[in-house]
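Using numbering that gives the first Met the number 0, the first residue of the sequence shown is number 0, and each one after it goes up by one. A short worksheet on the structure shown next.
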Amino acid sequence: MSQTYTVITGASSGIGQAFAYKMASEGRNIIINGRNKKRLNETKKQAKELGAGQVLAYTADLVTGDEAEKFAQYCFDKGQIENFVHCLGFGDFSAISDQAYSQIAKLTHTNLLLTMFLSKRFAAGMLDQDTEANNITLIASVAGLIQTPKSAVYAASKAGVHAFANGLRQDLWSTKIKVTCILPGPVDTAFFDIADKDGSYFENVQSFATTPEIVADKMATAIERGQFEVIVPFYYDIMNRLMRLAPSLAYRLIHMTYEKGQFRD
Numbered sequence: 000m001s002q003t004y005t006v007i008t009g010a011s012s013g014i015g016q017a018f019a020y021k022m023a024s025e026g027r028n029i030i031i032n033g034r035n036k037k038r039l040n041e042t043k044k045q046a047k048e049l050g051a052g053q054v055l056a057y058t059a060d061l062v063t064g065d066e067a068e069k070f071a072q073y074c075f076d077k078g079q080i081e082n083f084v085h086c087l088g089f090g091d092f093s094a095i096s097d098q099a100y101s102q103i104a105k106l107t108h109t110n111l112l113l114t115m116f117l118s119k120r121f122a123a124g125m126l127d128q129d130t131e132a133n134n135i136t137l138i139a140s141v142a143g144l145i146q147t148p149k150s151a152v153y154a155a156s157k158a159g160v161h162a163f164a165n166g167l168r169q170d171l172w173s174t175k176i177k178v179t180c181i182l183p184g185p186v187d188t189a190f191f192d193i194a195d196k197d198g199s200y201f202e203n204v205q206s207f208a209t210t211p212e213i214v215a216d217k218m219a220t221a222i223e224r225g226q227f228e229v230i231v232p233f234y235y236d237i238m239n240r241l242m243r244l245a246p247s248l249a250y251r252l253i254h255m256t257y258e259k260g261q262f263r264d
């Protein structure tokens with residue numbers, strides 16, 4: 000009888016790593032992916048110590064369609080895939096006037112196009128399995144609901160992930176595959192070391208930030224319950240609802256809070 004796995008991308012750090020540890024502590028078999036071989040192997044080692052069944056580490060940058068396809072094929076060759084949890088993402092919190100086309104393309108491709116392709120590929124593979132129930136979990140962001148200065152492209156890409164998750168759920172509605180979308184607020188991880196190099200963006204949101212462990216716990220519960228989406232922390236859900244009542248006022252207040260990200264001559 001073949002093994003059953005939970006597949007986790009972006010598992011070398013942050014939310015992906017925390018979720019890998021969560022699954023490991025439950026004794027699950029996991030396949031983890033990341034670009035950094037050293038950090039991914041550290042995740043693998045810790046996951047084994049936490050009680051994971053099998054831990055398979057696949058080091059690769061999945062940014063191209065060929066690499067993404069190879070990864071998916073590797074996973075299905077190893078066994079049956081119960082859950083596909085896509086935590087891989089890329090951020091750049093700088094004014095749109097400072098972002099070159101290549102950076103805009105990278106954000107859009109990594110966060111949205113790759114998410115759509117991998118979701119399609121894993122959904123197709125899951126439908127060909129004899130598993131009784133499956134889940135695809137995608138990480139969007141509160142940024143896709145509540146936009147701030149210096150987040151235009153990132154927010155757009157994550158709003159796209161949210162919309163895609165809703166559409167994918169409709170396409171898979173009558174199948175055994177459930178789709179869960181996680182919308183975290185700022186998470187205190189190494190993600191911001193790259194996305195916010197001067198630290199100015201995270202400085203504005205640090206007091207509202209959560210931890211990857213909290214997000215991972217909420218993700219596990221959402222998957223178990225078959226929830227459509229979860230906003231973490233909960234107060235961003237309240238904020239989003241209130242903003243819909245008076246969007247003009249809300250965005251004026253947001254802009255006053257953040258460092259201005261306007262076009263410069």
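Positions of the beta carbon are idealized from the N, C-alpha and C atoms, including for glycine. If you're wondering where the values come from, they're calculated on a predicted model, not measured in any experiment.
Rounded straight-line distance, which links the Cα of residue j to that of residue i
i      : j      : result
Ala23  : Pro211 : 15 Å
Met255 : Ile30  : 44 Å
His85  : Thr8   : 5 Å
Ala194 : His108 : Residue placement at Ala194 is poorly supported in this model, since its pLDDT is 48, which falls under 50; the coordinates are not used for a value here.
Leu49  : Ala94  : 42 Å
Gly143 : Ile181 : 11 Å
Ile80  : Leu55  : 13 Å
Ala245 : Val62  : 39 Å
Thr5   : Leu126 : 15 Å
Phe75  : Asp129 : 12 Å
Gly90  : Ser101 : 13 Å
Ser150 : Glu25  : 36 Å
Pro148 : Ala154 : 10 Å
Thr114 : Val160 : 7 Å
Gly64  : Gly13  : 24 Å
Lys69  : Tyr257 : 42 Å
Lys123 : Ser173 : Sequence check: residue 123 is Ala here, not Lys. So the two alpha carbons sit approximately 14 Å from each other.
Tyr235 : Val229 : 10 Å
Ile103 : Leu112 : 13 Å
Thr220 : Ile237 : 20 Å
Asn110 : Ala162 : 13 Å
Thr209 : Leu248 : 26 Å
Glu41  : Phe92  : 28 Å
Asp170 : Lys119 : 11 Å
Neighbourhood of residue i by C-beta distance below 6 Å, restricted to the same chain and skipping five residues each side
i      : result
Thr58  : Lys36 and Leu39
Ala164 : Leu137, Val178 and Cys180
Ala215 : Ala17, Phe18 and Lys21
Ala132 : Lys175
Phe83  : Val6, Phe121 and Ile135
Lys278 : As displayed, the chain neither begins before 0 nor continues past 264, which places residue 278 out of reach and without an answer.
Ile253 : Thr147
Tyr250 : none
Gly225 : Lys177
Close-in-space but distant-in-sequence residues of the same chain around residue i (CB under 8 Å, 5 per side omitted)
i      : result
Asp274 : Outside the displayed range of the chain (0 to 264) lies residue 274, so it cannot be described from this structure.
Gln2   : Asn28, Gly52, Gln53, Lys77, Gly78 and Gln79
Asn239 : Val141, Leu144, Ile145 and Ile230
Ile213 : Val231 and Pro232
Alpha helix (DSSP H) segment containing residue i, residue limits
i      : result
Glu81  : First-last for Glu81: Gln79 to His85, but that is the beta strand (DSSP E), not the alpha helix (DSSP H).
Asn244 : A small correction: the amino acid at residue 244 is Leu; Asn does not occupy that position in the sequence shown. Counting along the chain, the alpha helix (DSSP H) containing Leu244 begins and ends at Phe233 to Leu244.
Ile103 : Tyr100 to Thr107
Asn165 : Ala151 to Asp170
Thr114 : Leu113 to Leu126
Tyr20  : Gly13 to Ser24
Where the beta strand (DSSP E) through residue i begins and ends
i      : result
Glu212 : Here Glu212 belongs to no beta strand (DSSP E); instead the alpha helix (DSSP H) covers Pro211 to Arg224.
Val6   : Thr3 to Thr8
Thr179 : Ile176 to Pro183
Gly33  : Ile29 to Gly33
Ile145 : Unbroken run through Ile145: none, as it is neither H nor E.
Asn133 : Asn133 to Ile138
Test: residue i CB closer than 8 Å to a CB of chain D
i      : result
Gly143 : Within the model displayed, chain D is absent; a lone protein chain is all it includes.
Integer Cβ distance of residue i from residue j, believed to fall under 8 Å
i      : j      : result
Met242 : Ile145 : 6 Å
Val265 : Pro183 : Summary: the structure shown does not reach residue 265, with the chain confined to residues 0 through 264, and so no result is reported for it.
Val152 : Gln98  : 6 Å
Leu106 : Ser156 : 5 Å
Arg168 : Phe121 : The pair is not a contact, with the Cβ atoms about 14 Å apart (cut-off 8 Å).
Leu87  : Gly15  : 7 Å
Asn32  : Ala10  : 6 Å
Contacts around residue i, its chain only, beta-carbon distance under 7 Å, and the 5 residues preceding and following it disregarded
i      : result
Ser140 : Lys157, Leu182 and Pro183
Ile222 : Asn82, Asn134, Thr136 and Thr179
Residue ranges of each alpha helix (DSSP H) within the stretch 37 to 94, 4 or longer: 64 to 77
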